[in-house]
Structure formats: structure tokens, C-alpha cells
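Line by line, the protein sequences give chains A and B.
If you count the first sequence from 1, you need to add 983 to reach my numbering.
If you count the second sequence from 1, you need to add 262 to reach my numbering.
C-beta: ideal position from N, C-alpha, C; glycine also.
In this text the structure is predicted, and so the values were computed from the model without any measurement.
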Amino acid sequence: MVIAVVLFPLAPAQAHVQRGGATGLTTGFYHPWSGWDHILAMVAVGVWGVQLGRPAIWLLPVTFPVIMSIGGFLGLIGCPLPGTEVGIGLSALLLGLMVAAEARPPLWVAILMVGIFGLYHGHAHGTELPPNEDGLSYSIGFVMATGCLHGVGITLGLVHRWKTGTIVLRIAGMVIALGGAFFTWRAML
Amino acid sequence: MNFFPRPKSRLRRLAFLFFVIGLPARAGAHLVTSGLGPVYDGMEHMLLSPDQWIMVAGLGLLAGLNGAAAGRAALFSFPCAWFAGGGTGHLIHLPLPLLIPGVALLVVGGLVAADLKAGRKIVVAVAVVLGFLQGYLNGVPPGAVDGAPLALLGASVVAFVILALGAGLAVNVEGWRRIVVRVAGSWMAAIGILLLGWTIRKS
């Protein structure tokens, strides 16, 4: 009886309906982490940036969220972008191959490539955004999460300074490319 | 008489769409009272409106990146413009397009990301224009009728503090710290673009 009396009044209600800014922020932050096709591509951008060195190490992770938000804008206003899922799958495949090969194209080519893929990722996010969220909070969470995923890639890429680390990154690139191939194949079915 | 002629080309349709969306609409940023008085209501409103304080912080970063003189000039011109804009909005009550907060974030974030060496005059001009517009949007809502000047004063004080913090962080930064500031600017621009999309979608 004593335990029951002590415990029951203290139990907080759990079944709150989430509304407002906090929901938008957490939902937006969660969204980019919700699919491996997005995660692999964004982490690959960070890793490739480290392999390319300065200024690509920060230019690529800056390009991706900005162009991605343009894609999100197009998705939000209902502007169609054909082959979105295939584009997302291809992004992981090609970025993984770049990491695996430690490719060093001219900087503008790398930026262009990352930008085009960012457009596809953003468009997919823009069309999938839930209608009743707080748009601003959602956008803040969404952009922050994308930046964090690039940060994960950059942090993992720091092992590039060691010879073993270089090999590990190239193997990771192959794994990302394989994942990308799977997602591309699935999108084309 | 045909008051709304059908746009012919795709470009005209797009321009027509933006014109329709950009038409004045009632601002949704109504002031919520805290019970602590209008000054604190204004402060609270500013702190609970991310679209506003992120823009102010971004403007602080822009001012700081352009040097101490630009930072000092923006520090005083922005809150004054904000207060003047708020007073004007409170008197006129003419709603402005809802796209302004998104555009403001995009402009400020883009300038920070580009690390534009704009100089003191341009930074002050940007601060005055954006401060006036954002202040105006805060002054328009009917909820701000009671003690509106004090509420606007409270919001202006918070704007001053946030801008000072942003400018202080960014002034004289070099190397990787400057890159971090520019990355933050790119995030602000990205948020602004998405906010524009949300605004258009909601309209």
C-alpha cells in the first residue's frame, strides 16, 4: 500500500500529443537520420571532403545543405523532379566510389556533383515533409542534422592521416558504394 | 474587363505566382503576454521567435566579419531601426508580405557564408533595412496594442544583446574559426530557403 501510494501520484502522463516548435525541431532533426540512403551519401560527402583536403573539406559540406534546401524548396512548392529515388541511390553509389578510389577531380566538378545530389536529397525531404509541423523549427532541425551527418563523415575521415586509415576509408567507400548500388537497384524496380 | 489576365509563358506564370504569394497578408507573430509587463513580453517574444533571433545573430556575424567599426555601427543602427519599424507598424497596421523573414534569413546567411567584404556603409544599410522590416512585422499585430512601445523596447534590447554577441564572436576571427562562422551562415541561408518554401506551401 505504501509503495503504491508513493509511486502512483508521481507517475507522469506519457501520452501527450506533441505540438509546436519542439516537435518540429525534433522531427526535422530526426528526418535525415531516418533512411540509410541519406545517411550514407551525407557521410560520404564529409569523408570525401577530408580526402580532398582544403578547401573541399568545408566547401562540400557547405554546398550540400544549401543546394539540398533549394531541392527542399522545390519539393515544398510542388515542383516535380524526375527520378528522385534513383538520384538518391546513385548519390551514395557515386560518392562511395569517389571515396573508394580517393578520386581527385577539379574542385568545381566535386562541388557540382555534390550539389546535384543535394538537390535530389532535398527534393525528397521537401515532398515528404509532414503538413502540420512548425515549418521553421523543422527546417532548423533538418539543416542541423544534415550538418551533423557531414560532421560524422569529416570526423571519420580524420583517420586519413594514417596509412591504415587511408585503406580503411577506401574500404568504407566501397561499402557505401555497395549500399548505393542496392538503393539504386531497389529504386529502379 | 479582364482584371486578372492569364500569364502566358512559364516565366510569367512564376512571376504571377510570386506576386500572388507576395501580396500583403496579416502577420501571424502575435505577442503572447508573460504577465511580467510589456518590456518582458517584448523580450520573451524575441527570444521565442527563432526566425528573428537567428537573423539578428546572423547580422551580428556579418557585422563582426566586416570589422569592429562595422560591428559598432550595426550594433546601434539595428535596434534603432527595429524600434522605428515597430513604431511605424504599430501606427500604420498595414501588413507586409509573409516572405520577409525567409528572405531576410537567406540574405543575411548568404552574405555571411560568402564572407562578403561589404564595408561599414553596406552593413549598416542591410542592418537598417532588415531591422526596420522585422520591427515593422512585430509592430503590426493587434496583440501588441497594450504597452506596444515598451514591448518593442524590450525586443530591441534583446536584439542589441544578440547582435552584440554575434558581432563579438565574429570580429577578428581567422583560420578555421572564420570557416565555422561561414558554415553557420550557410546553414542560416539554407533555413531561409526552406522557410520560403514552407511559407509558399502554407499560402
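Query - Neighbour flag for Trp1041/A against chain B, beta carbons, 8 angstroms - result: Position 58 of the first sequence, counted from the first residue, corresponds to residue 1041/A. Trp1041/A counts as touching chain B.
Query raised in the report: Are Gly1101/A and Phe1047/A closer than 8 angstroms when you measure CB to CB?
Result: Within the first sequence, the letter at position 118 stands for residue 1101/A. Within the first sequence, the letter at position 64 stands for residue 1047/A. Closer than 8 angstroms, so yes.
Query raised in the report: DSSP on Arg1087/A, reduced to helix/strand/coil?
Result: Working through the first sequence from its first residue, we reach residue 1087/A at position 104. Look at Arg1087/A here: in three-state DSSP terms it is coil, with no helix or strand label.
Requested in this report: Could you tell me whether any Cβ in chain B is nearer than 8 angstroms to the Cβ of Pro1065/A?
Outcome: Along the first sequence, read from residue 1 onward, the residue named residue 1065/A stands at position 82. Closer than 8 angstroms: no.
Query raised in the report: In chain A, which residues lie with their C-beta within 7 angstroms of the C-beta of Arg463/B?
Result: As a position in the second sequence, residue 463/B is number 201, starting the count at 1. Under the 7 angstroms cutoff, chain A gives Leu1059 and Ile1060.
Query raised in the report: chain A partners of Val445/B, CB-CB under 8 angstroms?
Result: Numbered from 1 along the second sequence, position 183 holds the residue referred to as residue 445/B. Correct list: Trp1041, Pro1044, Val1045 and Gly1130.
Query raised in the report: Is the CB-CB distance between Ala1164/A and Val1082/A below 8 angstroms?
Result: In the first sequence, residue 1164/A corresponds to position 181, counting from 1. In the first sequence, residue 1082/A corresponds to position 99, counting from 1. For Ala1164/A and Val1082/A, no; Cβs fall outside 8 angstroms.
Query - Within 8 angstroms, strictly: CB atoms of Leu367/B and Leu457/B - result: One-based indexing of the second sequence puts residue 367/B at position 105. One-based indexing of the second sequence puts residue 457/B at position 195. Yes.
Query raised in the report: At a Cβ threshold of 8 angstroms, is Leu1102/A touching chain E?
Result: Judged by its chain identifiers, the structure shown contains no chain E, and its protein chains are A and B.
Query - Contact list for Ala451/B against chain A, beta-carbon separation under 7 angstroms - result: Residue 451/B sits at position 189 when you count from the first residue of the second sequence. Under the 7 angstroms cutoff, chain A gives Val1049.
**Report entry** Chain-ordered neighbours of Ile1123/A on chain B, where CB pairs are closer than 8 angstroms
**Finding:** As a first step, residue 1123/A must be located in the first sequence, where it is residue number 140. Chain B residues near Ile1123/A: Pro312, Ile316 and Ile453.
Query raised in the report: So is Pro286/B in contact with chain A if we call contact Cβ pairs under 8 angstroms?
Result: For this step, residue 286/B is matched to residue 24 along the second sequence. Confidence at Pro286/B is low in this model, with a pLDDT of 49, below 50, so the placement of that residue is unreliable and no value is reported for it.
Requested in this report: Please work out which residues of its chain come closer than 7 angstroms, Cβ to Cβ, to Arg288/B, disregarding the five sequence neighbours upstream and downstream, and give them in chain order.
Outcome: Numbered from its first residue, the second sequence carries residue 288/B at position 26. Annotation note: pLDDT 46 at Arg288/B (below 50); position unreliable, coordinate value reported separately. Here the set comprises Pro357.
Query raised in the report: Are the C-beta of Ile424/B and some C-beta of chain A separated by less than 8 angstroms?
Result: Here residue 424/B refers to the residue found at position 162 of the second sequence. With respect to chain A, the C-beta atom of Ile424/B has no partner C-beta closer than 8 angstroms.
Requested in this report: Would you kindly report the start and end of the unbroken alpha helix (DSSP H) that includes Asn400/B?
Outcome: Mapped onto the second sequence, residue 400/B falls at position 138. Taken as a continuous stretch (DSSP letters only), the alpha helix (DSSP H) holding Asn400/B covers Arg382 to Gly401.
**Report entry** Distance, Ile1060/A Cα to Ala1170/A Cα
**Finding:** The sequence position of residue 1170/A within the first sequence is 187, counting from 1. The sequence position of residue 1060/A within the first sequence is 77, counting from 1. Within the model, the alpha-carbon separation for Ala1170/A versus Ile1060/A is close to 24 angstroms.
Query raised in the report: Using 8 angstroms as the Cβ pair cut-off and three pairs as the minimum, do the stretch 1072 to 1080 of chain A and the stretch 1114 to 1130 of chain A touch?
Result: Too few Cβ pairs lie closer than 8 angstroms, so no.
Requested in this report: Give the C-beta separation of Asn328/B and Arg382/B to the nearest angstrom, bearing in mind that I take them to be a contact with Cβ-Cβ under 8 angstroms.
Outcome: Translated into positions along the second sequence, residue 328/B becomes position 66. Translated into positions along the second sequence, residue 382/B becomes position 120. By a beta-carbon distance limit of 8 angstroms, Asn328/B contacts Arg382/B. Their separation comes to about 7 angstroms.
Report task. Can you pull the chain A residues whose beta carbon is under 8 angstroms from the beta carbon of Ile441/B, in chain order? Result -> Residue 441/B sits at position 179 when you count from the first residue of the second sequence. What Ile441/B touches in chain A: Trp1041.
Requested in this report: State yes or no: is the C-beta of Ala417/B within less than 8 angstroms of the C-beta of Met305/B?
Outcome: If you number the second sequence from 1, residue 417/B lands on position 155. If you number the second sequence from 1, residue 305/B lands on position 43. It is a contact, given that the beta carbons lie within the stated cut-off.
Requested in this report: May I ask you to verify whether the stretch 419 to 426 of chain B touches the stretch 361 to 375 of chain B, counting CB pairs closer than 8 angstroms and requiring at least 3?
Outcome: In this structure the stretch 419 to 426 of chain B does not touch the stretch 361 to 375 of chain B; the number of beta carbon pairs closer than 8 angstroms is below three.
**Report entry** Beta-carbon contacts of Val386/B that lie in its chain and below 8 angstroms, excluding the five residues immediately before and after
**Finding:** Sequence index remark: in the second sequence, residue 386/B carries index 124 (1-based). Once the five neighbours on either side are set aside, the close Cβ partners of Val386/B are Ala332, Ala335, Ala336 and Ser339.
Query raised in the report: With 8 angstroms set as the bound, which would you pick, yes or no: does the beta-carbon of Gly459/B sit closer than that to a beta-carbon of chain A?
Result: The residue labelled residue 459/B in the question sits at position 197 within the second sequence. At least one chain A Cβ lies under 8 angstroms of Gly459/B.
Query raised in the report: Among Trp449/B, Arg463/B, Leu298/B and Ile455/B, which residue has its Cα nearest to the Cα of Val374/B?
Result: Here residue 374/B is taken as the residue at index 112 of the second sequence, counted from 1. The candidate whose alpha carbon is nearest that of Val374/B is Trp449/B.
Query raised in the report: Nearest-angstrom Cα distance between Leu1112/A and Leu1064/A?
Result: Taking the first residue of the first sequence as position 1, residue 1112/A is located at position 129. Taking the first residue of the first sequence as position 1, residue 1064/A is located at position 81. When rounded, the distance between both Cα atoms is 16 angstroms.
Query raised in the report: Hey, is Phe1056/A's beta-carbon within less than 8 angstroms of any beta-carbon in chain B?
Result: Taking the first residue of the first sequence as 1, we reach residue 1056/A at position 73. So yes, Phe1056/A belongs to the interface.
Query - Where Leu353/B falls, given that 16 or more other Cβ within 10 Å makes a residue buried - result: As a first step, residue 353/B is located in the second sequence; it is residue number 91 there, counting from the start. Leu353/B should be labelled exposed.
Query raised in the report: Secondary structure at Gly329/B, three-state DSSP: helix, strand or coil?
Result: As a first step, residue 329/B is located in the second sequence; it is residue number 67 there, counting from the start. Here Gly329/B sits in coil by DSSP.
Query - Leu1057/A versus Gly1011/A - alpha carbon distance - result: Within the first sequence, residue 1057/A is the residue found at index 74, counting from 1. Within the first sequence, residue 1011/A is the residue found at index 28, counting from 1. Using only the alpha carbons, I get a separation of about 17 angstroms.
Query - Residues that Gly1118/A contacts on chain B, provided the C-beta gap is smaller than 9 angstroms - result: In the first sequence, residue 1118/A corresponds to position 135, counting from 1. Within chain B, the residues near Gly1118/A are Leu456, Leu457, Gly459, Trp460, Thr461, Arg463 and Lys464.
Query raised in the report: Secondary structure at Ile1060/A, three-state DSSP: helix, strand or coil?
Result: As a working mapping, residue 1060/A is identified with position 77 in the first sequence. Coil, per DSSP.
Query raised in the report: Is there a Cβ from chain B that is less than 8 angstroms from the Cβ of Ile1053/A?
Result: Locating residue 1053/A in the first sequence gives position 70, counting from the first residue. With its beta carbon less than 8 angstroms from one in chain B, Ile1053/A belongs to the interface.
Query raised in the report: How many Å lie between Gly1174/A and Val1142/A at the Cα?
Result: Nothing about residue 1174/A can be read from this structure; chain A reaches only from 984 to 1172.
Query raised in the report: For His1133/A, does the three-state DSSP call read helix, strand or coil?
Result: Taking the first residue of the first sequence as 1, we reach residue 1133/A at position 150. In this structure, DSSP gives His1133/A a helical state, which the three-state scheme calls helix.
**Report entry** Leu358/B - containing alpha helix (DSSP H), residue span
**Finding:** By one-based count along the second sequence, residue 358/B stands at place 96. If you look at Leu358/B, you'll find it isn't in any alpha helix (DSSP H); DSSP assigns it neither H nor E.
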